[in-house]
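Residue numbers (this note's numbering), protein chains in the order written: chain Z, 3 to 459; chain W, 3 to 459.
For each residue, glycine too, the CB sits at the ideal point set by N, CA and C.
Model, not experiment: these values are computed from the prediction.
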């Protein structure tokens, strides 16, 4: 047992010699070492040391049916024998495009790419190509992939976030060109008055306003109807596109979170679950806007290609995954998730800890707060708060054998059942109790700290 | 037969209703309609209408062993049963990283991403994060993916390319922010004097100079030793990184095209073949530079993650592909390609047409020129030249059943043998003869047109 226990550690010792920090993705970085998977099935993941864990992260929301979903394994195994990519087209990309565009009334046309990052980047470029304008607006604190324009102010903190009516444009990476910052307007999510003022100040220059309707890193709460409608109305008056990032949120209803609003975006970025577990991204929307990429057009406003885009493996897996993620499957999954939230709220009460939950559909996020936050600045976690959240997540991982996203988030799959939900809520109760003193301590200092940070500007 | 012949056309009729221009990638767009694949094996691709073609494109150079390579099919089929992606690490990403870094002495560390576009974008961001500078230099005419900074002047033409000593910074897409253009220095490939002068003019601001050592769209000829050495020497004096785009060219030798030079880049972008037929990108290089992404570092200069990066399917397929693409396999493939070039040169002579070939390793490109071009501006094809090249490629596709890249390029796979090379050279001879009059005509007007375009500035 002891020898076995060392194998993830041993692989990591090799990993640090060839990968920066020993990892390929910073989201899976874990101290003292990350764990290496030997196999997974349904909602269970087994690491190389033999420990089996329930998976509530599902590769950052990308596995809607859990691991090794038999219909996907079968279909992909068949496709594999026929090849994985060609310099020609395949029928499955057309059938899958028909399926996805049928799910949302505003998806006239769709284009596939290889990641959520590529989806948002291409969508922004399409908006610029259509409008001929350069600037974009995005929410403070929102993660929209690694294209530097949409990374602006992704991790703004009290030291640098500036006044709420003019949030600072903070670069994420060192060396971000100043020109990038100048072309991005950072708005406070769900804050209608300040957002409209900011848009007004850039009225002639905005190609698009980018909204993630339930932004995970902002705090995983929904854009209000009033906010979306106000921004929509503004964009209609200023020849600006309204574009949604639904890479994560498309799971919430059959046609994405946009189904919940009376107004629809012009373009929508997709990713994660629509690849059936394989690398994917896509963006869909208005026919006239999407035609900027149509090679029949002259001039071609947005030349756009990609070696692996719409490869038949991703298309096959995604098509199977989404066909099986139908209205009933979504209802069931959302109901199960609602039950989980209710059970965890019960656990919070019983453990008597200052914790709260935000979320929608098949996902939710825990906050070390008495009440769920309603803005990025409220949701912002100071170092001590992050530390106690890490303790809770470590407790879940090591003691309860439950995997969650490193922000304290769960992204459900259809492979999860009531039994796993019971283990999750019981596990969290244990974690809350084990960290009760510290949770109370950070909560006691919350108001003081946040008052100092002046979240309302 | 006639009914069958219509099936690609029929699928395309559906495709245009849901995909812009009916395609997912503009590189596979083909008039009157693209062809849909039913299956492929080795070097043969069969379309849905039953026509079998020899594949010399290999999904834009990404299938080094051709289609459905049995060792890859076997390994991926096994991995599929264990899952395709986790929110944890896998051993195969470490073993594959060890393999790739062992192939080139300057690959200290590596990070995987999902496409060549992501590889070059991340590499540029890493160079900026390391140096704290904003600008990059890239070659006129060079394709380096769809990140807008590296798209600048990708398709410059006589109407807009400007003087050779100061090539214009032309946006590729409509709506490209002016700030993007300001942060890109466009240099004339292999032109030492003008390039060094341009670098000097931006001496304090350059994060990196990006070189594709055998740039396909520039004309598929190699960077000269003197050029690479001169740029390298310049970067050493100015705290600027030398970065290579070897997404395509890594196939040319065991350690990439960089193996041919006495000096080595600081970072290198990889893609295509290293995914074994699955979506992939990577960048590798100096340990101190790569540490900008190390999550142990504080501050973290380049926060960087990706949902599907280093997924175990791509890692498994890529690792198998590259282990089997060893020194001997590369020698054999390059020899076969050299024989193909020699046979085609013979065909050019026999057909007595003004055609030429450039290339290196396992790839080459045809040019409607008496002598192979040595600069982007020489290689640039006017409308009439493009039209005759399209006729040649259509002849190859429809009459000879041979697939080439839409630029008149062949990217070999190890599945190709002497028999296919014979069919290629014979097919090209037929195509040359069928288009001889037109080839002579465009050649007669070449000097006049190019003199007018003033390629030497």
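Where residue i falls, given that 16 or more other Cβ within 10 Å makes a residue buried
{"i": "residue 23/W", "result": "buried"}
{"i": "residue 420/W", "result": "exposed"}
{"i": "residue 218/Z", "result": "buried"}
{"i": "residue 447/W", "result": "exposed"}
{"i": "residue 429/Z", "result": "buried"}
{"i": "residue 449/W", "result": "exposed"}
{"i": "residue 209/W", "result": "buried"}
{"i": "residue 400/Z", "result": "exposed"}
{"i": "residue 199/W", "result": "exposed"}
{"i": "residue 329/Z", "result": "exposed"}
{"i": "residue 165/W", "result": "exposed"}
{"i": "residue 180/Z", "result": "exposed"}
Residue i versus residue j: straight-line alpha-carbon distance, rounded
{"i": "residue 150/Z", "j": "residue 207/W", "result": "18 Å"}
{"i": "residue 21/Z", "j": "residue 276/W", "result": "16 Å"}
{"i": "residue 42/Z", "j": "residue 313/W", "result": "13 Å"}
{"i": "residue 16/W", "j": "residue 288/Z", "result": "17 Å"}
{"i": "residue 393/W", "j": "residue 406/W", "result": "12 Å"}
{"i": "residue 92/Z", "j": "residue 278/W", "result": "19 Å"}
{"i": "residue 134/Z", "j": "residue 185/Z", "result": "13 Å"}
{"i": "residue 6/W", "j": "residue 51/W", "result": "For residue 6/W, the pLDDT reaches just 47, beneath the cut-off of 50, and the residue's location in the model is therefore unreliable, although a value from the coordinates is still provided. One C-alpha to the other measures close to 5 Å."}
{"i": "residue 282/W", "j": "residue 118/W", "result": "7 Å"}
{"i": "residue 3/W", "j": "residue 53/W", "result": "Because residue 3/W carries a pLDDT of 40, less than 50, the predicted location of this residue cannot be relied on, and no value is offered for it."}
{"i": "residue 438/W", "j": "residue 384/W", "result": "17 Å"}
{"i": "residue 380/Z", "j": "residue 192/Z", "result": "13 Å"}
{"i": "residue 34/Z", "j": "residue 10/Z", "result": "10 Å"}
{"i": "residue 459/Z", "j": "residue 56/Z", "result": "Low local confidence applies: a pLDDT of 41 at residue 459/Z is under 50, so the model's placement there is unreliable, with the coordinate-based value given in what follows. Going from the Cα of residue 459/Z to the Cα of residue 56/Z covers about 41 Å."}
{"i": "residue 176/W", "j": "residue 436/W", "result": "38 Å"}
Within 7 Å, strictly: CB atoms of residue i and residue j
{"i": "residue 365/W", "j": "residue 413/W", "result": "yes"}
{"i": "residue 322/W", "j": "residue 74/W", "result": "yes"}
{"i": "residue 171/Z", "j": "residue 154/Z", "result": "yes"}
{"i": "residue 370/Z", "j": "residue 387/Z", "result": "yes"}
{"i": "residue 233/Z", "j": "residue 267/Z", "result": "no"}
{"i": "residue 269/W", "j": "residue 285/W", "result": "yes"}
{"i": "residue 257/Z", "j": "residue 27/Z", "result": "no"}
{"i": "residue 308/W", "j": "residue 70/Z", "result": "no"}
{"i": "residue 146/Z", "j": "residue 88/W", "result": "no"}
Identified DSSP bridge partners for residue i
{"i": "residue 306/W", "result": "DSSP lists no partner for residue 306/W."}
{"i": "residue 360/Z", "result": "367/Z"}
{"i": "residue 46/Z", "result": "43/Z and 56/Z"}
{"i": "residue 447/W", "result": "DSSP output for residue 447/W lists no bridge partner at all."}
{"i": "residue 69/Z", "result": "44/Z"}
{"i": "residue 411/W", "result": "367/W and 407/W"}
{"i": "residue 213/W", "result": "246/W"}
{"i": "residue 257/W", "result": "For residue 257/W, which the question treats as bridged, DSSP gives no partner whatsoever."}
{"i": "residue 182/W", "result": "Bridge partners of residue 182/W: none, in fact."}
{"i": "residue 113/W", "result": "285/W"}
Proximity test, Cβ basis, 7 Å: residue i and chain Z
{"i": "residue 417/W", "result": "no"}
{"i": "residue 26/W", "result": "yes"}
{"i": "residue 324/W", "result": "no"}
{"i": "residue 93/W", "result": "yes"}
{"i": "residue 318/W", "result": "no"}
{"i": "residue 3/W", "result": "Note that residue 3/W scores 40 on pLDDT, short of 50, meaning its location in the model is unreliable; the coordinates nonetheless yield the value given after this. It does not: the Cβ of residue 3/W has no partner Cβ on chain Z nearer than 7 Å."}
{"i": "residue 287/W", "result": "no"}
{"i": "residue 449/W", "result": "no"}
{"i": "residue 13/W", "result": "yes"}
{"i": "residue 459/W", "result": "Bear in mind that a pLDDT of 40 at residue 459/W, under 50, signals an unreliable position, so the model cannot answer this."}
{"i": "residue 290/W", "result": "no"}
{"i": "residue 16/W", "result": "yes"}
Cβ of residue i within 7 Å of any chain W Cβ
{"i": "residue 6/Z", "result": "Confidence is the limiting factor: at residue 6/Z the pLDDT is only 47, short of 50, which leaves the residue's position unreliable and the question unanswerable from this model."}
{"i": "residue 296/Z", "result": "yes"}
{"i": "residue 355/Z", "result": "no"}
{"i": "residue 30/Z", "result": "yes"}
{"i": "residue 413/Z", "result": "no"}
{"i": "residue 56/Z", "result": "no"}
{"i": "residue 170/Z", "result": "no"}
{"i": "residue 181/Z", "result": "yes"}
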